[in-house]
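Novice: Taken in order, the sequence shown gives residues 1 to 541; the numbers are from the working numbering.
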Amino acid sequence: MSQPRQPEFPQEALEAVERFLSAPAPGVPPAVLQLLGTALHGNRRPGLMPRLFMEAVEQAPVAISITDTAANILYANAAFTQVTGYTQGEVVGHNESSLSDRSTPPIVYQTLWGRLLQQKSWNGMLVNRRKNGERYVAELTVAPVLDSAGTTTHYLGMHRDITEMFQLQQDLQNQKELIDSVVDVAPVVIAVLDAQGEAVLQNRAYRRLLFDLGGRDPAPLLRGVLGGDTLAAGSGEDAPRAARELRLDFPDGSTRWFACQASGFRARDGSADAYFTAREVPYLLLVAHEVTEIKRQQEEVRMNALRALMAEEALGRGLRETLSGALHQMQRPLNLLNAAVGMLERRSDGDDSLLSVLCQVRDEGRAALETLSACVPQEVQEPLLPVNLNQLIHEVLLVSTPRLLAESIVIDWQPQADLPSCNGRERRLRNLIKQLVDNAIEAVADGGGARRELHIASRIEGDFIVVQFEDSGPGIAPDLRFRVFEPFYTTKGGKHAGMGLAIAQDVVNQHAGTLEIDPAYRDGCRICLRIPLSSDNAQER
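(1) Going by Cα to Cα distance, which pick from W413, V399, G462 is closest to K434?
(2) For a minimum of 3 consecutive residues, which ranges assigned as the beta strand (DSSP E) are wholly contained in the segment 422-463?
(3) With a threshold of 16 other CB atoms inside 10 Å of the CB of T371, please say whether the residue is buried or exposed.
(4) Suppose contacts are defined by Cβ-Cβ distances below 7 Å. Is E453 in contact with S472 by that definition?
(5) To the nearest angstrom, how far is it from the Cα of G236 to the Cα of E290?
(6) So, at 7 Å on beta carbons, what are the nonlocal neighbours of D542 in its own chain, with the 5 sequence-adjacent residues on each side left out?
(7) Which residue or residues does DSSP assign as beta-bridge partners of G124?
(8) Measuring CB to CB, does V92 end up less than 7 Å from I64?
(9) Assign S546 to buried or exposed, taking buried as 16 or more other Cβ atoms, counted over all protein chains shown, within 10 Å of its Cβ.
(10) Rounded to the nearest angstrom, how far is the Cβ of N439 from that of L419, given a contact under 8 Å?
(11) Under the DSSP definition of a beta bridge, which residues are partnered with N509?
(12) Looking only at its chain, what residues have a beta carbon closer than 6 Å to the beta carbon of R129, apart from the 5 residues adjacent to it on each side?
(13) If you drop the 5 nearest sequence neighbours on each side, which residues of the same chain put their C-beta closer than 7 Å to that of A85?
(14) Please list the terminal residues of the continuous alpha helix (DSSP H) segment that includes V200.
(15) Quick check on the DSSP output: what are the complete beta strand (DSSP E) runs of length 3 or more inside the segment 264-299, in order along the chain?
(16) DSSP state of T151, grouped into three classes?
(17) With H328 and G424 assumed to form a contact (beta carbons below 8 Å), what rounded beta-carbon distance in angstroms separates them?
(18) Going by C-alpha distance, which of S408, I503, L397 is nearest A457?
(19) Would you report the Cα separation of I66 and S103, rounded to the nearest angstrom?
(20) Relative to the ligand NAP, is the shortest distance from any of its heavy atoms to the C-beta of D147 smaller than 6 Å?
(21) Would you decide whether W413 is buried or exposed? Buried here means 16 or more other CB atoms lie within 10 Å of its CB.
(22) Does DSSP classify N304 as helix, strand or coil?
(23) Among I162, T152, Q118, V142, which residue has its Cα nearest to the Cα of V127?
(24) Within 8 Å, do at least three Cβ pairs link the segment 169-177 to the segment 152-159?
(25) Note the first and the last residue of the continuous alpha helix (DSSP H) segment covering A374.
(26) Output the boundary residues of the beta strand (DSSP E) element that contains L529.
(27) Mind checking which residues open and close the beta strand (DSSP E) that includes I64?
(28) Among residues of its own chain, excluding the 5 on either side of E139, which ones have a beta-carbon nearer than 7 Å to its beta-carbon?
(29) State the DSSP-derived secondary structure class of N132, mapped to helix, strand or coil.
(30) In the DSSP assignment, what are the bridge partners of A262?
(31) What is the rounded straight-line gap between the Cα of V192 and the Cα of A199?
(32) If you drop the 5 nearest sequence neighbours on each side, which residues of the same chain put their C-beta closer than 6 Å to that of L432?
(33) Below 8 Å, how does it come out for the segment 525-535 and the segment 458-477: are there three or more Cβ pairs, yes or no?
(34) Taking the continuous alpha helix (DSSP H) assigned at P106, which residues delimit it?
(35) Go ahead and label L519 buried or exposed: buried means 16 or more other beta carbons lie within 10 angstroms of its beta carbon, across all protein chains shown.
(36) According to DSSP, C394 sits in a beta bridge with which residue or residues?
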């Protein structure tokens, strides 16, 4: 059976260590002092201390070496042999530089000697070479040993092989950087929130969104739309939640849409409290994909469909106006004919050829009127539903944008925030607003003034929603402000049938509202539309 190695600890080295511990150099790591101090002061019985001290240093789990001021090795313990492969006999008398590898930059050694010459310790990492030529990463601490006069007499070195730890750290760092890179370049907004709602991880898209929002953290907004408060209460793991859309308004006035998803997960607690008792902490993963372009395309498709619908309704409305005008014009001579027939019937003795002809003409006229009346397109019957007038105004303005631009008309729209819905018929109310906007555009265009403006504002007054339309056109004379609502009356000559405001008034009546022209407004024309919130008095037609 092999005998354990006997420590060969020279008296000079022992005295050097004792001096080192009595006055350690600045910057010596506490672990070094603790290791050697325990060995030196752990037993105070006379005659045993030097031997115990020598055995403690010899059996220390780190490589210890003591050199003179020229770095020539005076002593090396057993761990030194295990790490380097050199026995004590092979290194004693040789310089520490025999362990160095060329891959260590010269600046490292220059810094090391600079610290030692200042009588300060040095701690760092460098690459050494074993006896077999294998490189290893060494964590090294070198401290000067001073005598009573403050002169450096020796150097104490401690180092350990951290190659495996270095490789593990590099692998972990590489994996972290790989994951971070993938997350960072992902074309979606990604953030991980802790239980307090703080973002512990965020990618480049998240930081860009944070910047675009003027520094306003998007995490509460994303979490709010998903109802992500359960994690903060410590409920733990959370099933993925269905995507929900979030609208964000930016400081530059733009609006962007995001499809948001969230899922909870748990990670092990890395604090000292959870060392023996495993503990998990909850996190929330937020992912938001920008769908602004998709929403824009959807809105464009919707608006095109709305334009087609409104064009079809305008065509039907125009046809109804034309046929109604024709019926109105035909009804007047037919009424005269009926009166003439009545007079002849009272005077005739029953055998009057003129009366017979007039009766025949009357009957033919009635038949023609009935046929023409049957050709009038019927309005689509709509149910009463909650309608957002602000949304209808927005849609009408979008549809009317090309015409507004062509006429160089400036729009000032001031909708009331959170305007409640009213019960009404959506298509008819949209046509009503479209008719009022069209009238305002025509008034401004025909007026030819320098001011070409249209102001629209919505607000709540009691139980009514009030919408005001103010244009900078020539206005309406006070004596005409009631007559313009009569069927077939127009102030535009033969350009229109004169049914626009009459139809608008009819829609307002169907909703138990009012439509008035403000006689006190002098900068053009102001029309005030009032629609009740309740539909109790709305007509079912």
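Even glycine gets a Cβ: it sits at the ideal position worked out from N, Cα and C.
Specialist: Quick answer:
(1) For the purposes of this step, residue 434 is taken as residue 434 along the sequence shown, with counting starting at 1. Looking at the Cα atoms, V399 is the closest of the given residues.
(2) 422-424, 453-461
(3) Position 371 of the sequence shown, counting from 1, holds the residue named residue 371. Flag for T371 reads exposed.
(4) Taking the sequence shown and counting its residues from 1, one reaches residue 453 at position 453. Taking the sequence shown and counting its residues from 1, one reaches residue 472 at position 472. Taking 7 Å as the Cβ cut-off, E453 and S472 qualify as a contacting pair.
(5) In the sequence shown, the residue the question calls residue 236 occupies position 236. In the sequence shown, the residue the question calls residue 290 occupies position 290. With a pLDDT of only 46 at G236, under 50, the local geometry of the prediction cannot be trusted, and the value read off the model is given with reservation. Distance between the alpha carbons of G236 and E290 is about 28 Å.
(6) Past the edges of the chain, shown from 1 to 541, lies residue 542, and the structure says nothing about it.
(7) Within the sequence shown, residue 124 is the residue found at index 124, counting from 1. In the DSSP output, where bridge partners are listed per residue, G124 has L140.
(8) Translated into positions along the sequence shown, residue 92 becomes position 92. Translated into positions along the sequence shown, residue 64 becomes position 64. Taking 7 Å as the Cβ cut-off, V92 and I64 do not qualify as a contacting pair.
(9) This structure does not reach residue 546, given that the chain is present from 1 up to 541, and the question cannot be answered.
(10) As a first step, residue 439 is located in the sequence shown; it is residue number 439 there, counting from the start. As a first step, residue 419 is located in the sequence shown; it is residue number 419 there, counting from the start. Not really, about 23 Å apart at Cβ, beyond 8 Å.
(11) Here residue 509 refers to the residue found at position 509 of the sequence shown. BP columns for N509 are empty, so no partner.
(12) Along the sequence shown, read from residue 1 onward, the residue named residue 129 stands at position 129. D101, R135, listed in sequence order.
(13) In the sequence shown, counting from the first residue as 1, residue 85 sits at position 85. Looking at the sequence shown, residue 85 is not Ala but Gly. Taken in chain order, the residues that qualify are R130, K131, N132.
(14) Residue mapping note: residue 200 aligns to position 200 of the sequence shown, counting from 1. Taken as a continuous stretch (DSSP letters only), V200 belongs to no alpha helix (DSSP H), being part of the beta strand (DSSP E) at 199-202.
(15) 280-290
(16) Stepping through the sequence shown from its first residue, residue 151 is reached at position 151. Note: T151 maps to coil in three-state DSSP.
(17) The residue given as residue 328 occupies position 328 in the sequence shown. The residue given as residue 424 occupies position 424 in the sequence shown. Not quite, the Cβ-Cβ distance comes to about 28 Å (not below 8 Å), so this is no contact.
(18) Start at 1 with the first residue of the sequence shown, and residue 457 comes out as number 457. Nearest C-alpha to A457: L397.
(19) Taking the first residue of the sequence shown as 1, we reach residue 66 at position 66. Taking the first residue of the sequence shown as 1, we reach residue 103 at position 103. When rounded, the distance between both Cα atoms is 24 Å.
(20) For the ligand NAP, the structure offers nothing, since it holds no ligand at all.
(21) By one-based count along the sequence shown, residue 413 stands at place 413. Its Cβ having fewer than 16 others within 10 Å, W413 is exposed.
(22) Taking the first residue of the sequence shown as position 1, residue 304 is located at position 304. Helix, per DSSP.
(23) Locating residue 127 in the sequence shown gives position 127, counting from the first residue. The shortest C-alpha separation from V127 is found at I162.
(24) no
(25) Here residue 374 refers to the residue found at position 374 when the sequence shown is read from its first residue. Segment 353-374, the alpha helix (DSSP H) holding A374.
(26) For the purposes of this step, residue 529 is identified with residue 529 of the sequence shown, where counting begins at 1. For L529, the enclosing beta strand (DSSP E) stretches over residues 525-532.
(27) On the sequence shown, position 64 is the one that residue 64 refers to. Residues 63-67.
(28) The residue labelled residue 139 in the question sits at position 139 within the sequence shown. Closer than 7 Å at Cβ, skipping near neighbours: M125, H159, R160, I162.
(29) What you label residue 132 is simply residue 132 of the sequence shown in a count that begins at 1. Reduced to three states, the DSSP call for N132 is coil.
(30) Numbered from its first residue, the sequence shown carries residue 262 at position 262. In DSSP, A262 forms a bridge with L286.
(31) Within the sequence shown, residue 192 is the residue found at index 192, counting from 1. Within the sequence shown, residue 199 is the residue found at index 199, counting from 1. If I take the Cα positions, the gap works out to 6 Å.
(32) Along the sequence shown, one-based indexing puts residue 432 at 432. In chain order, A504, V507 place their CB closer than 6 Å to the CB of L432, counting only its own chain and leaving out the 5 sequence neighbours on each side.
(33) yes
(34) Translated into the one-based positions of the sequence shown, residue 106 becomes position 106. For P106, the enclosing alpha helix (DSSP H) has its first and last residue at 106-117.
(35) As a first step, residue 519 is located in the sequence shown; it is residue number 519 there, counting from the start. With the sequence shown as reference, residue 519 is identified as Pro, and Leu is not the correct amino acid for it. By the neighbour-count rule (16 or more Cβ atoms within 10 Å), P519 is not buried but exposed.
(36) Sequence index remark: in the sequence shown, residue 394 carries index 394 (1-based). Before going on, a small fix: residue 394 reads as His here, not Cys. Looking at the DSSP assignment, H394 forms no beta bridge with any residue, so it has no partner.
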